[in-house]
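Asks:
There are 2 protein chains.
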Amino acid sequence: MLETFIKGIRITEEGLKEELHKNATITTHNKGDFIIKNNQYIKVLKIVLEGKVRVYQENEDREILIYYLNTMETCTLSLSACFEDCKSTVNAIAEEDCTIILNIPVRFVRDWNFKYKSWNRFTINIFRESYLYLIDQYSNLAFQPLKDRLFDYLVSKALSGVVKKSHQELAKELGTTREVISRLLKTLEKNKKIHLGQKQIEIV
Amino acid sequence: MLETFIKGIRITEEGLKEELHKNATITTHNKGDFIIKNNQYIKVLKIVLEGKVRVYQENEDREILIYYLNTMETCTLSLSACFEDCKSTVNAIAEEDCTIILNIPVRFVRDWNFKYKSWNRFTINIFRESYLYLIDQYSNLAFQPLKDRLFDYLVSKALSGVVKKSHQELAKELGTTREVISRLLKTLEKNKKIHLGQKQIEIV
DNA sequence: AGAAAGTTGTGACTTTTGTCACAACAGTCA
DNA sequence: TGACTGTTGTGACAAAAGTCACAACTTTCT
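Residue numbers (my numbering), protein chains in the order written: chain B, 3 to 206; chain H, 3 to 206.
This is the structure in structure tokens:
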């Protein structure tokens with residue numbers, strides 16, 4: 003009854019299924035709970051079974067989004083930590099109530115990587131996709147003005163044309179401040195790109 | 003006589019050493035040669051045996067450094083491409099004459115990953131380190147003003163206290179323009195942090 | 001030596017982003 | 001209902017980064 007595939011990788015080996023059952027634990031969290039804190043040792047690999055988790059880095063006064071984890075996704079940084087003891091450099095926070103996390107102690111993750119082919123594929127795939135995604139984000143940050151990054155972000159996050167977030171939240175995800183976002187949104191509205199509501203942005 | 007370890011990972015398996023000899027080819031390049039071009043299919047994993055390679059992304063008019071490859075390092079992006087056919091999203095260019103590259107066709111890289119333990123460790127290690135490094139670069143880009151990024155960059159690149167690069171080169175690596183760099187360097191000089199010479203910056 | 005190419009410095013200006021201060025409004029809860 | 005908290009708008013200003021134009025200097029090559 004536990005998942006038999008993760009992120010498109012089908013788990014075929016019976017042994018792996020068994021080991022997963024035996025060694026992984028499941029935890030549930032409420033909105034706002036910290037899943038991982040900056041500077042904390044990582045001891046388990048976390049896979050989001052249900053809900054949404056925001057992974058971000060913080061500065062004294064600002065934050066920037068690294069990625070969201072949705073259903074069946076896993077934190078690349080904690081995967082990375084499985085292969086070499088290290089502390090987290092990011093925070094991860096539950097964005098929804100009833101976020102359910104599968105926790106696998108790091109030593110299994112490491113061993114399975116050479117023992118089970120499907121787990122090996124899973125590991126490599128996570129690294130591959132995350133790395134490409136991050137490079138992309140990196141060059142956007144380097145080359146695109148904030149106005150464009152904001153608009154692209156809205157488009158990518160819109161569910162049926164609508165994003166339900168406050169300006170403050172958007173600022174934190176894009177690594178800037180609330181006033182700047184408010185102003186850029188106003189400009190976008192003037193240019194008929196979006197329509198602004200209370201805690202809600204509609205894309206035209 | 004070919005390398006028996008790469009990036010701190012010792013190759014112990016005789017079979018792997020043999021396969022490396024049989025399937026890898028060696029190429030040499032001059033300063034300025036393209037090793038990988040943007041939008042090109044990646045067919046071999048490249049490991050730098052000698053010399054230095056600059057990997058960067060470009061925009062219409064600007065560039066930003068992703069990383070340098072030094073002796074015995076490999077391009078994470080081409081490693082990533084070994085596991086899923088894809089085009090390069092970056093350029094790689096030889097920074098020194100006599101850059102020597104080991105080329106391994108992608109299918110071997112993929113197969114060896116589950117066949118040889120040391121190769122598996124190598125793969126994972128590359129991904130791990132590259133990912134952590136990139137996250138770090140990403141949040142520097144997001145949070146640090148250019149002035150600080152410039153100074154940190156100089157310190158990290160200085161050999162016995164000296165960086166031999168033109169302002170134009172620095173601009174391209176930091177994703178900005180020459181005039182901006184010139185001015186920031188002048189300010190750093192005024193603040194007694196560095197001493198400027200022709201195509202040379204001395205750190206105080 | 002002298003031309004050409006590359007490098008550095010800088011003033012004047014624009015655009016982008018960040019900061020501060022304050023007002024108005026919406027939603028929640030006692 | 002009225003206080004409280006969170007959200008949005010905006011003016012005024014400051015700081016950071018980018019652009020354009022041009023001068024002067026170095027290095028390289030013939």
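Virtual Cβ for every residue (Gly too), placed ideally from N, Cα, C. Given the structure is predicted, the values throughout are model-derived calculations rather than measurements.
1. Buried or exposed: where does B/V111 fall if 16 or more other Cβ atoms within 10 Å of its Cβ makes it buried?
2. Thinking just about the alpha-carbon of each residue, which of B/Y118, B/V206, B/R123 is nearest to the one in B/L22?
3. Would you identify the three-state DSSP class for B/R12, choosing helix, strand or coil?
4. Label B/F124 either buried or exposed according to how many other C-beta atoms from any shown protein chain fall within 10 Å of its C-beta, with 16 as the threshold for buried.
5. Looking at the C-beta of B/N61, does it have a partner C-beta in chain H at a distance below 7 Å?
6. For the alpha helix (DSSP H) that B/N2 lies in, which residues bound it at each end?
7. For H/T189, I'd like the list of residues in its chain whose CB is within less than 8 Å of its CB, leaving aside the five on either flank, ordered along the chain.
8. Answer yes or no: do B/T14 and B/N105 have a C-beta to C-beta separation smaller than 7 Å?
9. So, for B/I68: in the same chain, excluding its five sequence neighbours on each side, which residues have a beta-carbon less than 7 Å away from its beta-carbon?
10. Beta-carbon separation of B/P107 and B/V157 under 7 Å?
11. Between B/K201 and B/S162, which are expected to be in contact by the criterion C-beta below 8 Å, what is the C-beta distance as a whole number of angstroms?
12. How would you label B/L198, buried or exposed, when you count the other beta carbons within 10 angstroms and need 16 or more for buried?
13. Distance check for H/Y70 and H/I95, CA to CA, integer angstroms please.
14. Hey, quick one: how far does the beta strand (DSSP E) through B/K89 stretch, first residue to last?
15. State the Cα-Cα distance for the pair H/E62 and H/I102, rounded to the nearest angstrom.
16. Could you compute how far the alpha carbon of B/K166 sits from the alpha carbon of H/G34?
17. If you reduce the DSSP assignment to three classes, tell me which class B/G17 lands in.
18. Roughly how many angstroms lie between the CA atoms of H/D113 and B/W121, to the nearest whole one?
19. Any C-beta of chain B sitting closer than 7 Å to the C-beta of H/L143?
20. What residue does the beta strand (DSSP E) around H/K48 start on, and which one ends it?
21. Quick one: what does DSSP say H/A26 is sitting in, helix, strand or coil?
22. Using a 10 Å radius around the Cβ and a threshold of 16 neighbouring Cβ atoms, would you call B/E181 buried or exposed?
23. Please list the partners that B/S162 has in chain H, where partner means a Cβ-to-Cβ separation under 7 Å.
24. Apply the 10 Å Cβ neighbour rule to B/V50 and answer buried if 16 or more other Cβ atoms are within range, or exposed otherwise.
Replies: Let me spell this out:
1. buried
2. B/Y118
3. Collapsing the DSSP output to three states places B/R12 in a strand.
4. buried
5. yes
6. Because chain B in this structure spans residues 3 to 206, residue 2 of chain B falls outside the shown range and cannot be described.
7. K149
8. No, the Cβ-Cβ distance between B/T14 and B/N105 is not below 7 Å.
9. The answer, listed in chain order, is V57, Y58, Q59, V92.
10. Judged by beta-carbon spacing, B/V157 lies beyond the 7 Å limit of B/P107, meaning their Cβ atoms are not closer than that value.
11. The Cβ separation is near 16 Å, so there is no contact.
12. exposed
13. 10 Å
14. In the DSSP annotation of this structure, B/K89 is not part of any beta strand (DSSP E), being labelled neither H nor E.
15. Roughly 30 Å separates the two Cα atoms.
16. Roughly 49 Å between the two C-alpha positions.
17. helix
18. 15 Å
19. yes
20. 46-52
21. coil
22. exposed
23. Under the 7 Å cutoff, chain H gives no residues; its nearest Cβ is about 30 Å from B/S162.
24. buried
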